[in-house]
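Number of protein chains: 2
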Amino acid sequence: MKHAAGILAFGHHLRRLRRARKLTQEALADYAEISRPTVQRIEKGQAAPTLEVLLSLALVLQVSLKDLVDAPGITPKESELRAE
Amino acid sequence: MKHAAGILAFGHHLRRLRRARKLTQEALADYAEISRPTVQRIEKGQAAPTLEVLLSLALVLQVSLKDLVDAPGITPKESELRAE
Numbered sequence: 001m002k003h004a005a006g007i008l009a010f011g012h013h014l015r016r017l018r019r020a021r022k023l024t025q026e027a028l029a030d031y032a033e034i035s036r037p038t039v040q041r042i043e044k045g046q047a048a049p050t051l052e053v054l055l056s057l058a059l060v061l062q063v064s065l066k067d068l069v070d071a072p073g074i075t076p077k078e079s080e081l082r083a084e
Numbered sequence: 001m002k003h004a005a006g007i008l009a010f011g012h013h014l015r016r017l018r019r020a021r022k023l024t025q026e027a028l029a030d031y032a033e034i035s036r037p038t039v040q041r042i043e044k045g046q047a048a049p050t051l052e053v054l055l056s057l058a059l060v061l062q063v064s065l066k067d068l069v070d071a072p073g074i075t076p077k078e079s080e081l082r083a084e
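Protein sequence lines correspond, in order, to chains A and B.
For the first sequence, the residue numbers in full-length UniProt numbering are 1 to 84.
For the second sequence, the residue numbers in full-length UniProt numbering are 1 to 84.
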């Protein structure tokens, strides 16, 4: 998977947002209408959510899409890409 | 597809960013290592890119992920979701 570091950074950010709202993975999955294993894989950086799922997550977590993806380290540096 | 309006808003925003950089769909596709039909479908709101593709697009367009997704009308309103 390309951008593994960015995808993992997103997963960690999502986990922080979820926990700040005292939601379990199960509850987040239910509200966002995705499966719990999908939430788990996203939080571990093992799956890259689609824009459709990102929009569902933003809605459930009551943040804008912009804030949802604004995780430290999420935007790849060009140097990082060149190294792949 | 859920969030069709948000996904279309993203497509239009992507098209604006691409054109502002004087890139053809073909060039954007090449640099981002995705197919030209994929770019086309994303710009038309017919496909929801994954976070992996979003990160590639941000890199090619030289914007942060946050700015890439910051399209007017992209974040769904709760009323919109309830109406679906």
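Every residue, glycine too, gets a C-beta built ideally from N, C-alpha and C.
DSSP-derived helix/strand/coil call for residue i
| i | result |
| --- | --- |
| threonine 38 (chain B) | helix |
| leucine 81 (chain A) | Any answer about leucine 81 (chain A) is weak, because its pLDDT of 49 lies below 50 and its placement is not dependable; what the coordinates show is given next. Helix, per DSSP. |
| proline 72 (chain A) | coil |
Residue i and residue j closer than 8 Å at C-beta
| i | j | result |
| --- | --- | --- |
| valine 39 (chain B) | alanine 29 (chain B) | yes |
| arginine 36 (chain A) | glutamate 26 (chain A) | yes |
| proline 42 (chain B) | glycine 11 (chain B) | This sequence places isoleucine at residue 42 (chain B); proline is not what is there. Cβ distance < 8 Å, so isoleucine 42 (chain B) and glycine 11 (chain B) count as in contact. |
Residue i versus residue j - alpha carbon distance
| i | j | result |
| --- | --- | --- |
| alanine 71 (chain A) | alanine 5 (chain A) | 11 Å |
| leucine 68 (chain A) | leucine 54 (chain A) | 8 Å |
| methionine 1 (chain A) | lysine 22 (chain A) | 30 Å |
| alanine 9 (chain A) | glycine 45 (chain A) | 7 Å |
| arginine 19 (chain B) | alanine 20 (chain A) | 39 Å |
| arginine 15 (chain A) | arginine 15 (chain B) | 31 Å |
When the options are compared against residue i, the one with the closest alpha-carbon
| i | options | result |
| --- | --- | --- |
| alanine 58 (chain A) | A:Ala27, A:Leu17, A:Arg41 and A:Lys44 | A:Leu17 |
Rounded Cβ spacing between residue i and residue j (contact assumed at less than 8 Å)
| i | j | result |
| --- | --- | --- |
| leucine 65 (chain B) | isoleucine 74 (chain A) | 6 Å |
| alanine 32 (chain B) | valine 60 (chain B) | 5 Å |
| histidine 3 (chain A) | serine 56 (chain B) | 7 Å |
| threonine 50 (chain A) | threonine 50 (chain B) | 5 Å |
Under 9 Å from the C-beta of residue i: neighbouring residues of chain C
| i | result |
| --- | --- |
| valine 39 (chain B) | Structure shown: chain C not included; protein chains present are A and B. |
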